Each structure stands twice: as C-alpha cells, then as structure tokens.
Amino acid sequence: MSTPARKRLMRDFRRLQQDPPQGIDGSPNLDNIMLWNAVIFGPEDTPWDGGTFKLSLQFTEEYPNKAPVVKFVSNIFHPNVYADGGICLDILQNQWSPIYDVSAILTSIQSLLSDPNPNSPANSEAARLYSENRKEYNRRVKEVVQASWMEGTNGSAPAEEEEEEAEPAAAEDAADTGAEKEEKSAAEPKDQDKDKKEDA
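According to the UniProt record's numbering, the residues represented by the sequence shown are 1 to 200, in order.
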C-alpha cells in the first residue's frame, strides 16, 4: 500500500541515487522501505578519515513530519553518540523539519563526526577527552576507524593488503616458471648431441 511516507521515502531514495553526497550511501531494506541501512565514510583530513561506519534508520508512517530513529550499528567513540548507537543531534530531535530528507540526515551526521558538540554529551568520557585531551581523543577515534576496517571485511585483511600479498606470490610463480624454462632449454642441446651420436 502506497502512503505519503512511503512515497516520500522512494523520492528520497531516488535523490540519493541520482545525486549522492560525497562519502554517503544508503538504501531501504528490500522487503521493508521503512527500514534503511546506510554507510558514512569518515571526513577527509580528520581523525575519522578512512573509517567506514554503518547506521540504521527506522521510519514511521508519520515521516516526514516525524524524524526517523537513527543509530550507529558500528562501534563509535564520540561525544554525541550513546552506548547503544543513538545519536544526539538537534535535527533528529527538537529541530526536526519535514524539509530534511535522508541525504540531509546522513550529511549532518557525517559533519557531526568531525564537529561534535561537547556541551550536549551522550558519551561523557568522549566529551571530556575532546575538551581536555584532544591527543588521546584522536587516538581513541583512530582505534574506532581501524576497527571499522575489520568490521567491513568480517575480520579478514583489507583488500589492498591481500592484493599486496598476492603480487609477490605471483612474482615467485613467474620466477619459478622462468627457471624451469631455462633448465629445459639448457637440457635440449645435450639431448640433440646424444641423438646425433646414436645416428652416427
């Protein structure tokens, strides 16, 4: 059944496909358009750079008049992210407006990563470190970034490392093949000399 909320979500999805913001990806569940999965890439030139963070967005039939419930699925260490992944962001709460769509929501969350609001903390430890010990805060963030790589590969090595490991192996195979050819070439003249002696 098509409803205003579902029509709006289809429009949001088309916009996200046709004009995706940099470092943002998202799509509805195949059998439930009210539930979305999204990915945010950490902003460049920040401690979050290189991270890949998964989120879920749960909409209701009241959308766009009511904001969705948005949570990080990935582990996050951030002043404005609760332990359960919930996000303390004004546009998802008292500053929500129907003009916001999925692209705007995800872009705002991406900006929040590198520009947190320590005055409205959801994680008191992260807020304290951000304000008092930025070096330690950045170190903790980089740990989260590295963990997101393992999450994205289900615990396996990143693709680039696998390719780097494969290249030396291929080179070794090529070297072995070349050596075999040289040995074979060196053996052929001896075999030919033997044949000539037998003919004589």
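Idealized CB from N, CA, C, for every residue including glycine.
The structure presented is a predicted model; accordingly, all values stated were derived computationally and were not measured.
Strictly by DSSP, which residues pair up with Asp25?
Asp25 is bridged by DSSP to Val39.
Rounded separation between Gly50 and Phe41 - CA only:
Going from the Cα of Gly50 to the Cα of Phe41 covers about 7 Å.
Is it the case that the stretch 26-38 contacts the stretch 119-128, given that we only count it when at least three CB pairs across the two stretches are under 8 Å?
No, they do not touch.
Grab me the residues of Pro121's own chain with a C-beta within less than 6 Å of its C-beta, minus the 5 sequence neighbours each way, in chain order.
Once the five neighbours on either side are set aside, the close Cβ partners of Pro121 are Pro79 and Ala127.
Shortest alpha-carbon distance to Pro4 belongs to which of Lys66, Asn29 and Pro47?
Closest option to Pro4, Cα to Cα, is Lys66.
Looking only at C-alpha atoms, which of Val144, Asp115, Val145 and Lys142 sits nearest to Ser131?
Nearest Cα to Ser131 within the set Val144, Asp115, Val145 and Lys142: Asp115.
Does the beta-carbon of Asp84 have 16 or more other beta-carbons within 10 angstroms, so that it is buried, or is it exposed?
So Asp84 counts as exposed.
Sequence-distant residues of the same chain with beta carbon closer than 7 Å to Leu16, five excluded per side
If you ignore the 5 residues before and after Leu16, its C-beta comes within less than 7 Å of the C-beta of Gly26, Val102 and Ser103, all in its own chain and listed in chain order.
Just to confirm, is the Cβ distance from Phe77 to Glu151 under 9 Å?
No. Outside cutoff.
Helix, strand or coil for Phe72 per DSSP?
Strand, per DSSP.
Cβ-Cβ distance between Ile109 and Tyr100 below 9 Å
With respect to the 9 Å criterion, Ile109 and Tyr100 are not classified as neighbours on the basis of their beta carbons.
Nearest to Asn24 (by Cα), restricted to the options Val141, Ser2 and Phe53
Before going on, a small fix: residue 24 reads as Ile here, not Asn. Nearest option by C-alpha distance: Phe53.
Taking buried to mean at least 16 other C-beta atoms within 10 Å of its own C-beta, is Pro64 buried or exposed?
Taking a 10 Å sphere around the C-beta of Pro64, we find 16 or more other C-beta atoms and assign the residue as buried.
From the DSSP output, in three-state form, read off Glu180 for me.
Here the model assigns Glu180 a pLDDT of 48, short of 50, so the residue's position is not dependable and the matter cannot be decided.
Ranges of the alpha helix (DSSP H) found wholly within the stretch 39-117, counting only runs of at least 4:
Runs of the alpha helix (DSSP H) lying entirely within the stretch 39-117 and spanning at least 4 residues, in chain order: 102-114.
Counted within 10 angstroms of its Cβ, other Cβ atoms place Leu89 as buried (16 or more) or exposed
The residue is buried, with at least 16 neighbouring Cβ atoms inside 10 Å.
Could you check which residue in Thr46, Phe59 and Ser2 has the C-alpha nearest to that of Arg134?
Among Thr46, Phe59 and Ser2, the Cα nearest to that of Arg134 is on Thr46.
From Arg6, Leu30, Pro43 and Arg8, residue whose alpha carbon lies closest to that of Pro21:
Taking Pro21 as reference, the option from Arg6, Leu30, Pro43 and Arg8 with the minimal CA-CA separation is Pro43.
Hey, out of Ser74, Pro68, Pro118 and Val73, whose CA is closest to Asn94's CA?
Comparing Cα-Cα distances from Asn94 to each of Ser74, Pro68, Pro118 and Val73, the minimum goes to Pro68.
Pull up the distance between the alpha-carbon of Ile33 and that of Phe13, whole angstroms please.
The alpha-carbon of Ile33 is positioned some 10 Å away from that of Phe13.
Considering only DSSP beta bridges, list what residue 201 is partnered with.
Nothing can be reported for residue 201, as the shown portion of the chain is limited to 1 through 200.
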